[in-house]
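Number of protein chains: 2
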Amino acid sequence: MISVDEALQRILGGAKPLGPEQISLADALGRTLAADVAARRTQPPAAMSAMDGYAVRGADVAKLPATLTRVGSVPAGKNYPHALKPGECVRIFTGAPLPEGADTVVIQEDTEVSGDRVTMKDAKPGRHVRKAGIDFREGDVVLRAGRVLTPRDVGLAAAANAPWLSVARKPRVAILPTGDEVVMPGEPVGPNQIVSSNGPALAAFVRACGGEPLLLGVAPDEAHALQTMVAAARGVDLLVTTGGASVGEHDLVRDALGAEGMTLDFWKIAMRPGKPLIFGRLGAVPVLGLPGNPVSTIVCAAIFLRPLLDALLGAVRPLEETKPTAKLAQPLAANDQRQDYIRATLARDAAGALTVAPYPVQDSSMVSVLARADALIVRKPGATAAPAGELVEILPLGNGALGI
Amino acid sequence: MISVDEALQRILGGAKPLGPEQISLADALGRTLAADVAARRTQPPAAMSAMDGYAVRGADVAKLPATLTRVGSVPAGKNYPHALKPGECVRIFTGAPLPEGADTVVIQEDTEVSGDRVTMKDAKPGRHVRKAGIDFREGDVVLRAGRVLTPRDVGLAAAANAPWLSVARKPRVAILPTGDEVVMPGEPVGPNQIVSSNGPALAAFVRACGGEPLLLGVAPDEAHALQTMVAAARGVDLLVTTGGASVGEHDLVRDALGAEGMTLDFWKIAMRPGKPLIFGRLGAVPVLGLPGNPVSTIVCAAIFLRPLLDALLGAVRPLEETKPTAKLAQPLAANDQRQDYIRATLARDAAGALTVAPYPVQDSSMVSVLARADALIVRKPGATAAPAGELVEILPLGNGALGI
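Listed in order, the protein sequences are those of chains X and V.
Just so we're aligned: the first sequence equals residues 536 to 939 in our numbering.
Just so we're aligned: the second sequence equals residues 536 to 939 in our numbering.
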């Protein structure tokens with residue numbers, strides 16, 4: 536048996552980002568930048584008013600109250616065409632450029648207007664002005680390669696005047712569940728068969744991680760048919776199989792992949808749920824063989840497939856590199872030599888601290904428990920018994936929009 | 536001025552879920568269930584082996600070691616066609632149904648095989664068997680209406696044999712940024728103009744929240760053109776405008792909407808960034824007018840637009856209803872009478888607790904700071920000065936896959 540960390544290291548060892556593609560900013564949500572985005576302009580390009588009010592020369596409002604002459608008005612998008620002379624002010628609106636000579640804005644609530652005479656009652660030289668370039672300057676890198684783009688990032692790229700972006704190609708992931716006992720939802724189900732949850736769940740998982748799934752269909756436990764389906768996966772960026780990887784006699788997946796010329800490793804990994812894993816290469820295509828139990832499949836996908844997809848995307852997720860923790864809501868027994876991933880729910884205690892409660896039943900066939908779980912508790916091999924209240928490492932599963 | 540809570544209450548007051556549509560399970564990721572999903576089958580349908588090994592009668596292994604006669608083999612997806620007699624065992628694989636009469640599985644590691652004689656060295660009556668229905672039973676509601684579907688939920692719906700799902704229609708949201716000073720990225724930019732970040736950012740925001748954006752284009756500050764563009768929004772589920780809602784003279788949006796027959800409220804909201812907000816109805820279409828500053832726009836979208844989209848979707852996000860907190864990394868001054876949303880970064884201290892550090896500059900025009908922020912610190916009106924280490928409410932912005 537090898538450890539989770541060693542398996543992950545071997546899987547990620549040969550993974551390199553796929554090539555870039557150029558896409559419209561309008562399609563950029565959730566895509567991973569393949570190149571830095573440098574600002575094509577300075578923002579704001581000139582000193583601008585941060586409020587609705589009057590642009591003045593700071594020296595003119597050093598002593599208050601000060602009455603100045605209104606000589607014009609400048610809305611956002613327009614410009615006052617003259618330099619402001621001493622004693623003059625200009626009506627100005629939020630986002631409008633300051634006239635030459637002006638360096639201060641007096642907000643309208645602090646003024647009294649009588650014809651073209653405006654009395655400034657409260658002001659401070661230099662106030663309510665956004666200096667040129669306070670947001671960014673032309674040439675500044677505003678977004679780095681590897682960033683998975685949020686709506687706010689899309690806004691920043693837009694403000695930097697980038698209508699097209701270079702992003703990582705979506706990894707095309709062929710998915711091949713196996714087993715005579717497995718049928719797709721809605722198809723006729725025999726008395727000893729189960730409905731495939733692995734195929735649809737993995738396809739959705741790959742999509743949520745930024746990949747493009749190709750569900751090849753369910754492969755039967757028959758060497759020739761399986762081999763034909765495996766061969767159809769050539770040309771994709773990754774092949775993921777489920778099932779057929781146990782220590783029993785029905786390890787057809789390994790044989791079929793071997794017959795297709797795959798160089799392969801078969802590992803027993805010291806983890807629960809999980810354990811059997813196939814990893815290798817079919818020509819240029821990396822192959823990840825996940826266990827067949829639906830819970831093991833998705834837990835192994837979260838542990839191994841997601842980082843592999845991130846590596847193919849070149850995605851950098853800085854916040855997620857810190858390992859989150861939560862307080863145990865109830866004690867946990869000592870762990871054996873396998874790394875445990877315990878399905879659990881999250882809540883908050885009266886003090887606002889995050890708490891985590893393991894489900895009493897952890898059977899790796901129970902997809903209902905997995906779907907309801909908010910997180911996995913990560914228990915290292917040989918971990919001693921943990922009392923309620925202890926901080927434990929968790930892997931949040933994310934019930935939000937497109938969380939995993 | 537009205538409070539954030541009061542504004543939210545008024546905005547959500549009239550919002551009802553849009554009608555449902557029926558979609559394939561393959562397209563269900565991130566969609567919101569419009570109806571409960573009831574299991575169409577019992578899972579597992581019969582007692583099944585949880586391991587690779589031998590199916591036996593519990594009474595035959597009450598005393599160990601026990602040597603039994605192997606009378607057959609049953610892989611997953613097949614069935615042993617006879618009842619197991621005393622003294623008999625059957626080779627069985629994970630996921631295969633137990634033969635009639637068998638109630639126990641002995642794992643292969645605990646056996647010794649000699650021809651058709653199998654000696655059981657370690658066993659416990661009833662072990663390694665998954666009872667019928669331990670995951671769910673036919674008719675059980677496995678997923679509730681309002682659930683935003685994760686990959687694991689897709690797997691559960693598949694296991695429950697649901698190839699089609701009833702989900703909320705995606706709200707179609709027309710987006711109309713306004714202002715002569717605003718141009719789209721890549722278009723010619725005049726010396727006093729800025730590039731629109733609000734349009735692309737809001738479109739991505741709506742998509743991340745499960746809606747379908749329609750970017751109408753940037754409306755100029757000219758009554759007739761604006762009115763024509765507003766009229767084009769009829770028939771959508773929601774119209775969102777940005778800009779043109781200040782207290783100055785350029786409030787063309789309100790006038791144009793009014794001319795098109797909109798019943799409207801104009802509110803000053805006691806919040807920062809934000810403040811001016813328009814809300815009303817253009818015929819049957821609710822209209823949300825957000826401020827024009829890019830940071831105010833997205834913060835107001837997070838506070839008001841996201842819950843409104845959730846209401847149109849009928850989405851229930853139970854975990855997010857609890858208000859997360861983090862420890863202040865540095866002190867905060869007392870707050871005035873406006874609710875403050877302070878851009879901040881998240882980290883973890885040595886003890887693993889979440890900490891939050893406000894950015895020193897909070898100017899509402901700085902999209903670079905907003906993009907880099909991990910969270911907003913929520914400061915209630917009149918909040919007293921908070922020392923470093925105090926727990927404060929945060930609104931995480933989520934830099935993950937499709938986070939906001």
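Glycine included, each C-beta is placed from N, C-alpha and C at the ideal position.
Just so you know, these numbers come straight off a predicted model, no measurement behind them.
- Take the alpha-carbon of Leu-817/V and the one of Gly-745/V: they are about 23 Å apart.
- Not one beta carbon of chain V lies nearer than 9 Å to the beta carbon of Ala-597/X.
- Setting aside the 5 residues that flank it on each side, Gly-796/V is surrounded in the same chain by Leu-817, Gly-818, each with a C-beta closer than 8 Å to its C-beta; the list follows chain order.
- In summary, the residues of the stretch 710-740 of chain X whose CB is separated from some CB of chain V by less than 8 Å are Gly-714, Asp-715, Glu-716, Val-717, Met-719, Pro-720, Gly-721, Val-724, Gly-725, Pro-726, Asn-727, Gln-728, Ile-729, Val-730, Ser-731, Ser-732, Asn-733, Gly-734, Pro-735, Ala-736, Leu-737, Ala-738, Ala-739, Phe-740, in the order they occur in the chain.
- Measuring C-alpha to C-alpha distances from Ser-732/X to each of Asp-670/V, Pro-660/V, Pro-829/V identifies Asp-670/V as the nearest.
- Residue state for Leu-817/X is assigned as strand, using DSSP reduced to three classes.
- Only exposed fits Thr-919/X, as fewer than 16 other CB atoms lie within 10 angstroms of its CB.
- Among the bridge pairs identified by DSSP, Tyr-894/X is matched with none.
- For the pair Ser-584/V and Ala-618/V, the CB atoms are not nearer than the 9 Å cut-off.
- Not flagged as an interface residue toward chain X: Ile-877/V, since no C-beta distance is shorter than 9 Å.
- Within its own chain, the residues whose Cβ lies closer than 6 Å to the Cβ of Arg-576/X, once the five positions on either side in sequence are excluded, are Glu-673, Asn-696, listed in chain order.
- Per the DSSP secondary-structure output, Thr-646/V pairs in a beta bridge with Met-655/V.
- Judged by beta-carbon spacing, Gly-607/X lies beyond the 9 Å limit of Thr-646/X, meaning their Cβ atoms are not closer than that value.
- When DSSP states are grouped into helix, strand and coil, Phe-628/X belongs to the coil group.
- Here the stretch 879-888 of chain V does not lie against the stretch 635-649 of chain X, with fewer than 3 beta-carbon pairs under 8 Å apart.
- At a cut-off of 9 Å between beta-carbon atoms, Gly-849/X makes no contact with chain V.
- Taking C-beta separations shorter than 6 Å and ignoring five residues to either side along the sequence, the partners of Ser-701/V in its chain run Pro-555, Gln-557, Ala-569, Ala-570, following chain order.
- Against chain V, a Cβ distance below 8 Å from Asn-696/X picks out Pro-720, Gly-721, Val-724, Val-730.
- In this structure, DSSP gives Gln-762/V a helical state, which the three-state scheme calls helix.
- Listed as beta-bridge partners of Ser-584/V by DSSP are Val-664/V.
- Excluding its 5 nearest sequence neighbours in each direction, Ala-542/X has C-beta neighbours in its own chain below 8 Å: Trp-802, Ile-804, Leu-812, Phe-814, Phe-839, listed in chain order.
- Under the DSSP assignment, Val-677/V falls in the beta strand (DSSP E) whose first and last residues are 676-678.
- The secondary-structure analysis by DSSP pairs Leu-889/V across a beta bridge with Arg-883/V.
- Annotation: the stretch 825-859 of chain X contains the following complete segments of the alpha helix (DSSP H) (minimum length 4 residues), in chain order: 829-835, 841-848, 853-856.
- In the same chain as Thr-832/V, and ignoring 5 residues on each side of it, the C-beta atoms closer than 8 Å to its own belong to Asn-733, Ala-736, Leu-737, Thr-777, Leu-825, Pro-826, in chain order.
- Around the beta carbon of Pro-686/X, 16 or more other beta carbons lie within 10 angstroms, which makes this residue buried.
- From the beta-carbon of Pro-579/V, the residues of chain X found nearer than 9 Å are Ile-729, Ser-900.
- For Ala-906/V, the residues of chain X that pass the 8 Å Cβ criterion are Val-677, Leu-678, Thr-685, Arg-687, Asp-688, Gly-690, Leu-691, in the order they occur in the chain.
- In this structure, the straight-line span from the alpha carbon of Leu-847/V to that of Lys-551/V is close to 6 Å.
- By alpha-carbon distance to Thr-860/X, the top candidate from Leu-633/X, Gln-874/X, Val-913/X, Ala-908/X is Val-913/X.
- With fewer than 16 other Cβ atoms from the protein chains shown falling within 10 Å of its own Cβ, Ser-559/V counts as exposed.
- At a cut-off of 9 Å between beta-carbon atoms, Leu-564/V makes contact with chain X.
- Per DSSP, Pro-686/V is one residue of the alpha helix (DSSP H) stretching across 686-694.
- Using a Cβ-Cβ cut-off of 9 Å, Arg-605/V does not count as an interface residue toward chain X, since no Cβ of chain X sits closer than that to its own.
- For Arg-707/X, the enclosing beta strand (DSSP E) covers residues 707-712.
- If you draw a 10 Å sphere on the C-beta of Leu-599/V, you find fewer than 16 other C-beta atoms in it, and that means exposed.
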